[in-house]
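Numbering (our numbering), first residue to last: 1084 to 1435.
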């Protein structure tokens, strides 16, 4: 954690700002190691101070890195009105609430907003420990999915299968889900984020399952079930699979995120489905399941070694069906390494 705090202090020096108030809990976790639900950090050029309340006194003493000063507070507002007031200028994160920023401003402190969100950029490049924890979650979530397949039955509801998948993730040791599990069957698959509903899954219709597990770090998979032979469905699956594979083949250190997005987008456009690919190609995965880098049109972030991100093209045909397939990639020695290989198929054909 020492190097992470030092990186924040270097950024403060470059901005000529003496301190930053860290209010984003995921950033607090990244900088301190704390896994509780309420905490802040105040970092200046000399030290880093961690604030939480009495509920977390034992937990913080066990988890927070030794180089960080821990203070247990009864009134969080004093951080803003007294501790931040000790500085003439202070940097605030984009996620900082208006309530907090107003209290700091009322103390006469000059506020600067970190519009580039530099801590998110620090988190883009993972260290070896982070990579190992992310890989562990991908292995866990993949095993849970395979277990859920063994008990899958047609005519069960999307919600029931989502619950079964989440149950298996927790039984294998996950703290919870990375996000609300998506199970979208038939025409509901045309909604990119169609969370599980009471709809019954019918044999022969395509089903999108988007899920992930979470402990300290997260995972994110999208797989499909399809046992039919509809020519249009099979064609769209093939187009999306090809777009995914072409994108991964072109990943290397030094390329722009937007260039990788363009490979998938251009191919899908050439196949006649460009209007139906309506989201970015991928996103970073780490403490949060959606982080930088974002692989989107004109995305200007350069790919670097030890970045981890998804590649997940999709085609969504209104009132018909949707197809999305996903792999997660680690840039390892300049080249892509797939870390979502616990599930070696994109589409599972369940035939009862």
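All C-beta atoms, glycine included, are put in the ideal place defined by N, C-alpha and C.
Contact set for residue 1238: own chain, Cβ-Cβ below 6 Å, skip 5 residues either direction: Hits under 6 Å: 1283.
One or two residues paired with residue 1197 in a DSSP bridge: In the DSSP output, where bridge partners are listed per residue, residue 1197 has none listed.
Closer than 7 Å: residue 1241 CB and nearest the ligand NAD heavy atom: Absence of the ligand NAD from the depicted structure is noted, as is the absence of any ligand whatsoever, leaving it without description.
Residue 1141 - containing alpha helix (DSSP H), residue span: Looking at the DSSP string, the run of the alpha helix (DSSP H) that includes residue 1141 is 1140–1146.
Identity of the residue in 1087, 1387, 1125, 1395 nearest residue 1336 by Cα: If we check each option's Cα against that of residue 1336, 1387 comes out closest.
Residue 1410 in three-state terms, based on DSSP: Assigned with DSSP and collapsed to three states, residue 1410 falls in strand.
Selected residue, minimal CA-CA separation from residue 1086, among 1381, 1356, 1151, 1247: Closest option to residue 1086, Cα to Cα, is 1151.
Simplified DSSP assignment, three categories, for residue 1131: In the structure shown, residue 1131 sits in a strand (DSSP, three-state: E or B).
Neighbour-count burial assignment, residue 1374, 16 or more Cβ in a 10 Å radius: The residue in question, residue 1374, is buried, as its Cβ has 16 or more Cβ neighbours within 10 Å.
Sufficient close CB pairs (3 or more, under 8 Å) joining the stretch 1153–1160 to the stretch 1123–1137: For the pair of segments examined, the stretch 1153–1160 was found to touch the stretch 1123–1137: the number of CB pairs separated by less than 8 Å reaches three.
Continuous alpha helix (DSSP H) stretch holding residue 1344: start and end: It spans 1340–1353 - the alpha helix (DSSP H) in which residue 1344 sits, taken as one unbroken run.
The stretch 1086–1105 contacting the stretch 1116–1126, beta-carbon criterion three pairs below 8 Å: Short answer: they touch.
Beta-carbon contacts of residue 1256 that lie in its chain and below 8 Å, excluding the five residues immediately before and after: Taken in chain order, the residues that qualify are 1223, 1298.
Buried/exposed call for residue 1286, threshold 16 Cβ in 10 Å: With fewer than 16 other CB atoms across the displayed protein chains lying within 10 angstroms of its CB, residue 1286 is exposed.
First and last residue of the uninterrupted beta strand (DSSP E) at residue 1399: 1397–1400 is the span of the beta strand (DSSP E), which, as asked, contains residue 1399.
Three-state class that DSSP yields for residue 1268 in the structure shown: Note: residue 1268 maps to strand in three-state DSSP.
Rounded C-alpha distance that separates residue 1325 from residue 1341: Cα-Cα distance, rounded: 18 Å.
Chain C contact for residue 1404 (CB, 8 Å cutoff): This model lacks chain C altogether, as it is built from one protein chain only.
Simplified DSSP state of residue 1364, which is helix, strand or coil: Of the three classes helix, strand and coil, the one that applies to residue 1364 here is coil, per DSSP.
Endpoints, beta strand (DSSP E) assigned at residue 1306: Run containing residue 1306: 1304–1308, per the beta strand (DSSP E) assignment.
N-terminal and C-terminal residue of the beta strand (DSSP E) that residue 1392 is part of: Start and end: 1391–1394.
Beta-carbon proximity check, residue 1289 vs residue 1406, cutoff 8 Å: Contact: yes.
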